[in-house]
Structures are given as C-alpha cells and as structure tokens.
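Under the numbering used here, residue 528 is the last one in the sequence shown; the count climbs by one each step, no gaps. Don't be surprised by glycine CBs; every beta carbon is placed ideally from N, CA and C. Take a look at the structure below.
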Amino acid sequence: MQTRNDIVSANDQHDGEHAPGEHDNDGHVGHVHGAIAPRRPTRAQLAHIQGWGADLDRKDRPGVPMERTPPRFINVPDGDPAPQEERVEVLVSTERPGRTPLFGTVQPPSGLSGMIRRQAFKLTENDVRHWLLLLVADRVNMVEGIGEDLASGKIPNVLAEMGIKAEFQHNKAGLAKKVALGVAVVGTAVYLMKRRR
Numbered sequence: 332m333q334t335r336n337d338i339v340s341a342n343d344q345h346d347g348e349h350a351p352g353e354h355d356n357d358g359h360v361g362h363v364h365g366a367i368a369p370r371r372p373t374r375a376q377l378a379h380i381q382g383w384g385a386d387l388d389r390k391d392r393p394g395v396p397m398e399r400t401p402p403r404f405i406n407v408p409d410g411d412p413a414p415q416e417e418r419v420e421v422l423v424s425t426e427r428p429g430r431t432p433l434f435g436t437v438q439p440p441s442g443l444s445g446m447i448r449r450q451a452f453k454l455t456e457n458d459v460r461h462w463l464l465l466l467v468a469d470r471v472n473m474v475e476g477i478g479e480d481l482a483s484g485k486i487p488n489v490l491a492e493m494g495i496k497a498e499f500q501h502n503k504a505g506l507a508k509k510v511a512l513g514v515a516v517v518g519t520a521v522y523l524m525k526r527r528r
C-alpha cells in the first residue's frame, strides 16, 4: 500500500493531463494534483479591520508604554487587605475553613431553606448530598419568597415570572411538554391521595 508521501510524489511526477478514467485502476482515484495551500489574505487586505495587527509590532500596541515586566504596583499596602466585617451568617465550606476577604451579604440563610443550607455545608463538597441539598434549598427558598410576597399583601404573578408568555411565543413544544409533565405529576399525586382513603 502506498503512503501519502508516495502518492504526493507520484502526483508530482506526471503532468496532470489525462483522459477521464485513465487513473481508475492505478490507485489514484479521486486524487488532487499537487498540494494546494489555503490562500491567506495579505496585511493590506486585512488593514480595514479596526485593531487588526496591533499585536504584531510592539510600537503599534496601544498599551506598550504602560506594560512592564514584572508589573509595577503603585501604593500597594503591606500585608493582606482588611477582611470584610461579618454582619450576617456566612456559610463556609469544610474544605476551606477560612472565610474569603469579601463575601456576599445580600441573602443570608434564613427559614427552612437556611436550615437546609446549614446541613449542606456540614458535608464535604465532593459529596453529592451537599449539592442536592443546596438545590433543594433553592427550591424551598423560592416557595418561601412567594409566601413572603403573599404575607406582605403582594400577589406574585408566577406565570409571568416563569416566562410563560415568551415560552408560548418561542417554544410551544417545550411549553406543551412542561404542561403535560405538570398535569401528570398533579394527576398522579391526586390519584395516590384518593387511593389511600
């Protein structure tokens, strides 16, 4: 069997002029004469693209006067920055017991979802239960949020918040599947509750 290099060198040896079917039985079926390299545009052809080639020549780089190796830091305080003051409960991984200098305080753990999150953070991160508990806590937190809205006198528009209108406009098949699944789950739950009686 001929290697690719043998075929290429054989292609280079003949002139490329032959009648149709002339090479059908000599292993050259569907071959290409010579190597055809892809044509690359020249610099002049690409010059119309704003910013093209800025990294080719150092003097053309806009950031060169500012670049330094190693980088120069001005007015750097000695030591680590002061840690953020802890005003809310912050859950910390068991793998990294130290808290990061900055952390989010927007939604501290509270209620049933907070209890679930605390249980999740007692487990290591490579335990699937850690992540499943966090997912459950998110769903519970969503229901708690609806309860808080109702308690404050605000009636949430759950369908609009779920994007039902956009789903109906752009993904009717997906919406139909979700509705069918919801009906099946509710129907199964009702059936099981009636069956117990």
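To the nearest angstrom, how far is it from the Cα of Gly-435 to the Cα of Ala-507? 38 Å
Do Glu-456 and Ser-483 have their beta-carbon atoms positioned less than 8 Å apart in this structure? no
May I ask you to report which of helix, strand or coil DSSP gives Lys-496? helix
Apart from the five residues just before and just after Leu-454, which ones in its own chain have a Cβ nearer than 6 Å to its Cβ? Arg-460 and His-461
Alpha-carbon spacing of Gln-438 relative to Ala-520, whole angstroms: 33 Å
Have a look at Arg-335 and Lys-509 and give me their C-alpha separation to the nearest angstrom. Confidence at Arg-335 is low in this model, with a pLDDT of 49, below 50, so its placement is unreliable and no value can be given for it.
Taking just the CA atoms, how far does Asp-409 sit from Glu-492? 48 Å
When burial is assigned at 16 or more other CB atoms within 10 Å of the CB, is Leu-466 buried or exposed? Sixteen is the threshold: since fewer than 16 other Cβ atoms of the shown chains lie within 10 Å of the Cβ of Leu-466, the residue is exposed.
Burial state of Ile-447 (16 or more Cβ within 10 Å): Buried is the call here.
Between the C-alpha atoms of Val-489 and Lys-525, what's the straight-line distance to the nearest angstrom? Rounded to whole angstroms, the separation of the alpha carbons of Lys-525 and Val-489 is 28 Å.
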